[in-house]
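S.K.:
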Amino acid sequence: MRHPRTVVLDSEAIQALTDPAHRKHRRVLAVVEVAASRNLRRAGAVRLVVPTSVRVEAGWNRREPDAAAANRLRVDDFALDTPAADDAAAIRSALGVSVVDAHLGAVLGATPGPHAVLTSDPEDLRRIASHLGTRSTILTV
Amino acid sequence: MLDLLDGTPADTVGTSVRLPGNLRDAAVLATELGLVASTTELTVRGLRDALEAFAQRAVLDAHYRTDPGARPTLAEIALAAAEVDGNPLAAKPDLVRRAAGEVGLVKDNAGPDDVLLYAAGLAAAVA
């Protein structure tokens, strides 16, 4: 049991976060509230992260006017740059997971742990975390 | 503040900041150890983290002003905290809800971690 330093959001979590009409909107906001509460107590304690491929899948275009509110929630992009692509490719080759999940795995490998992942696909994420040997708590959206 | 935080840093400005001596010396040591590039970087990082925390709170509060129904309860937030921590209290939502209802009696402005601490006390008391 430990406080995560990085909370990673997957596609459904992002859809729920950016759409107030989504049935899980409050659920995801509760997780954001945990980060906000801990960051007020200790600045920089918890970082919220979204892999950019997840943003693509969830349709979160930061340039759209509708995205203005979500853009300000302090959810950081984790880009699929060259090192991340290499890491994701290795995960995809080893486990046969989707590109998005592989990118999410690359985030787990490259950001400070412990991690928490808010996902609609807990089984694949558990496999990835186990494969990487990261200390990750997997939550279902 | 949000626009300034999200903006592109166009330039840097010199400023005079008084630091506690021990903090300054620790920062110099961290620099010498290669843990950070400079005291300036440490100061900027700390300042940004603190301002980001204020911004995150402000953005959430602004959202709840336009959509009050979106605000999670303290019990919901505490349960989410238990889940992200892998805390066994996540499997005891009734206890967490009770703690969220009672913790205000012993602590003003209680947060989710206060609720979990109180709930752990309740769990220990009945064990």
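Chains R and D are the protein sequences, given in the same order.
Each residue of the first sequence is one higher than the one before, counting from 1068 in my numbering.
Each residue of the second sequence is one higher than the one before, counting from 12 in my numbering.
Built from N, CA and C at the ideal position, the CB exists for glycine as well.
This structure is a prediction, so every number in the text was calculated from the model and none was measured.
1) Where do the ends of the alpha helix (DSSP H) carrying D:Asp125 lie?
2) Given this structure, state the Cα-to-Cα distance separating R:Asp1077 from D:Arg29, to the nearest angstrom.
3) Does the Cβ-Cβ distance between D:Leu16 and D:Ala66 come in under 9 angstroms?
4) Mark D:Leu46 as exposed unless 16 or more other C-beta atoms lie within 10 angstroms of its C-beta, in which case mark it buried.
5) Candidates D:Ala121, D:Lys118, D:Ala64 and D:Ala93: which alpha carbon is nearest R:Asn1106's?
6) I need the straight-line Cα distance from D:Ala131 to D:Asp22, nearest angstrom please.
7) In the DSSP output, which residue or residues are listed as bridge partners for R:Leu1115?
8) Starting from R:His1182 and walking both ways along the beta strand (DSSP E), at which residues does that stretch end?
9) Quick check: what's the CA-CA separation for D:Gly57 versus R:Phe1145?
10) Measuring CA to CA, which of D:Ala38, D:Pro83 and D:Asp72 is closest to R:Arg1093?
11) Take R:Asn1128 and list the residues in its own chain whose beta-carbon comes closer than 7 angstroms to its own, dropping the five residues that flank it on each side.
12) Hey, is R:Thr1204's beta-carbon within less than 9 angstroms of any beta-carbon in chain D?
13) Need the endpoints of the beta strand (DSSP E) that R:Ser1203 sits in, please.
14) Please confirm if D:Asn33 has its CB atom under 9 angstroms from at least one CB of chain R.
M.R.: The relevant details are as follows:
1) Pro123 to Val137
2) 43 angstroms
3) yes
4) exposed
5) The option with the nearest alpha carbon to R:Asn1106 is D:Ala64.
6) 49 angstroms
7) R:Val1074 and R:Val1142
8) His1182 to Thr1186
9) Those two C-alpha atoms are separated by around 21 angstroms.
10) D:Pro83
11) Ala1134
12) yes
13) For R:Ser1203, the enclosing beta strand (DSSP E) covers residues Ser1203 to Thr1207.
14) no
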